[in-house]
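Everything below concerns the one structure shown next.
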Amino acid sequence: QNCFRCHNMGDEGGQKSGRPWTVLATWAQASPDYFAAYIRDPQSKNPKAEMPAFPTYDDPTIAALNAYFRTFANSAASKSAPIEKATP
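According to this note's numbering, the stretch in the sequence shown is residues 1051 to 1138, in order.
Here it is, written out as structure tokens:
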């Protein structure tokens, strides 16, 4: 709910952030530690970040967010991956 106010997934969600959910998904998949640190304190990673900090999110909450965003990365990858023909 907090993310959706600024970030978007296609036509749904906020337009404040220039980063759609698919980009966040890529970050979550490529670097879970960076993703967690950015959520807790975005300005420590990017002083110009407008995103508010969420320092009270505990590890299970961050892990759930990471898992959720990774589903978008997996979905995007599966749509763009070539389909291999099965061999008997």
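Don't be surprised by glycine CBs; every beta carbon is placed ideally from N, CA and C.
- The residue among Ser-1094, Phe-1122, Pro-1082 and Ala-1099 with its C-alpha nearest the C-alpha of Pro-1110 is Pro-1082.
- In the three-state scheme derived from DSSP, where H, G and I count as helix and E and B as strand, Tyr-1088 is classed as helix.
- Beyond the five residues adjoining it in sequence on each side, Ala-1086 comes within less than 6 Å, by CB distance, of Ile-1112 in the same chain, given in chain order.
- Here the alpha carbon of Ala-1099 sits roughly 6 Å from the alpha carbon of Pro-1092.
- Sequence-distant Cβ neighbours of Trp-1077 in its own chain, meaning closer than 6 Å and more than five residues away, are Phe-1085.
- DSSP places Ala-1080 in the helix class (H, G or I) of the three-state scheme.
- No Cβ-Cβ contact shorter than 8 Å links Ala-1075 with Ala-1117.
- Rounded to whole angstroms, the Cβ separation of Pro-1102 and Arg-1090 is 11 Å, and the two are not in contact under 8 Å.
- Here Arg-1120 is buried. Its C-beta has 16 or more other C-beta atoms within 10 Å.
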